[in-house]
Ligand code: HEC
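Residue numbers (our numbering): 6 to 139.
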């Protein structure tokens, strides 16, 4: 066995551990969890992304195939992280974890995520994948 073989084998063994979302159960969120996001969404997101997530002059749509194709199958954590670290675009870093979780639920449900646990926690988002377009 040469010197390269072992490191290559070791890397191959770790590749499946990188979360692609491919083998994860599909995310579900409770209606009331998504509903909690409405006031925050209206105050901090609707200006750019539209009242109904349809997009507008200052931001892209957060629903529909054009948006969701890039997100479906990804761990739900990715969407949560994208939101909490980069949004609102004009004031990033101001959302609380609970607000971000609720907004993640709102976006996922709007794009077709089924009913799920009544209190899906942020710590569970690594283990669930965003579902395909409905
Ligand atoms: C001042 C305008 C503005 C506000 C307010 C804003 N956004 Fe955005 N958002 C943008 C723009 C512009 C982009 C595209 C540029 C980028 O990706 O950074 C974007 C991108 C995004 C994306 C990625 C879209 C994609 O196609 O993957 C998400 C998700 C998102 N915003 C969520 C939110 C949420 C949730 C809020 C409220 C907490 C919010 N945004 C508030 C302007 C805004």
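Even for Gly, the Cβ is constructed at its ideal location relative to N, Cα and C.
Who are the Cβ neighbours of residue 34 in its own chain at under 6 Å, not counting the five residues just before and after it? 110, 113, 114, 118, 121, 125
Counting along the chain, where does the alpha helix (DSSP H) carrying residue 53 start and finish? 51-54
Since I believe residue 85 is in contact with residue 130 (beta carbons under 8 Å), could you give me their beta-carbon distance rounded to a whole number of angstroms? 5 Å
Straight-line Cα distance separating residue 78 from residue 136: 6 Å
Less than 7 Å between the CB of residue 82 and some heavy atom of the ligand HEC, yes or no? no
Please classify residue 107: is it buried, with 16 or more other beta-carbons within 10 angstroms of its beta-carbon, or exposed? buried
Nearest-angstrom Cα distance between residue 32 and residue 62? Annotation: residue 32 to residue 62 spans about 30 Å, alpha carbon to alpha carbon.
Boundaries (first-last residue) of the alpha helix (DSSP H) holding residue 105: 102-115
Buried versus exposed, by CB contacts within 10 Å (16 or more), residue 128: exposed
Answer yes or no: does any C-beta atom of chain C fall closer than 8 Å to that of residue 81? No chain C is present in this structure, which holds just one protein chain.
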